[in-house]
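Numbered by the working numbering, the letters in the sequence shown go through residues 6 to 102 in order.
Ideal Cβ placement from N, Cα and C applies to all residues, glycine included.
This one's a predicted model, so the numbers in the text were calculated from it and none came from an experiment.
Worksheet: one structure, shown below.
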Amino acid sequence: MIRHLVLFKLNEGVSRDEPRVVEGARGFAELGALVPEVESWECGWNVTDRPIAYDYAINSSVADTGALVRYLEHPAHQAAVAPWAEFATWVIADYEI
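Written out as structure tokens, the structure reads:
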């Protein structure tokens with residue numbers, strides 16, 4: 006099993022209540038159910054106010070590296086992640102669990 010962990014940091018001057026950000030979060034909330042390879046899916050906004058914290062997180066799992074590739078290439082994933090490039094940066098960790 007592979008854990009796919011993604012942490013998003015909103016760009017300077019961008020707030021989570023902007024319509025484009027709200028829509029981006031909605032897209033991620035729906036994404037887990039749209040991709041057959043996803044075994045588990047959690048996502049949400051950070052609830053603490055610490056300077057080193059990221060703003061939004063996705064914590065998901067897939068069966069293996071092949072399933073991860075299929076998830077990443079899935080049209081629903083591509084559509085959900087595309088808007089985030091306009092208002093956030095992110096880091097990713099994929100590791101065996």
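| field | Cutoff 7 Å; reference residue 82; Cβ partners in own chain excluding five residues on either side | value | 36, 40 and 76
| If we ignore side chains and look at the alpha-carbon of each, how far apart do residue 18 and residue 49 end up? | 20 Å
| request: Quick one: grab the DSSP three-state call for residue 94. | output: strand
| message | Please tell me whether residue 33 has its Cβ less than 9 Å away from any Cβ of chain B. | response | Included in the structure is just one protein chain, with no chain B present.
| said: Taking the beta carbon of residue 63 as the centre, do at least 16 other beta carbons fall within 10 Å, making it buried, or is it exposed? | reply: buried
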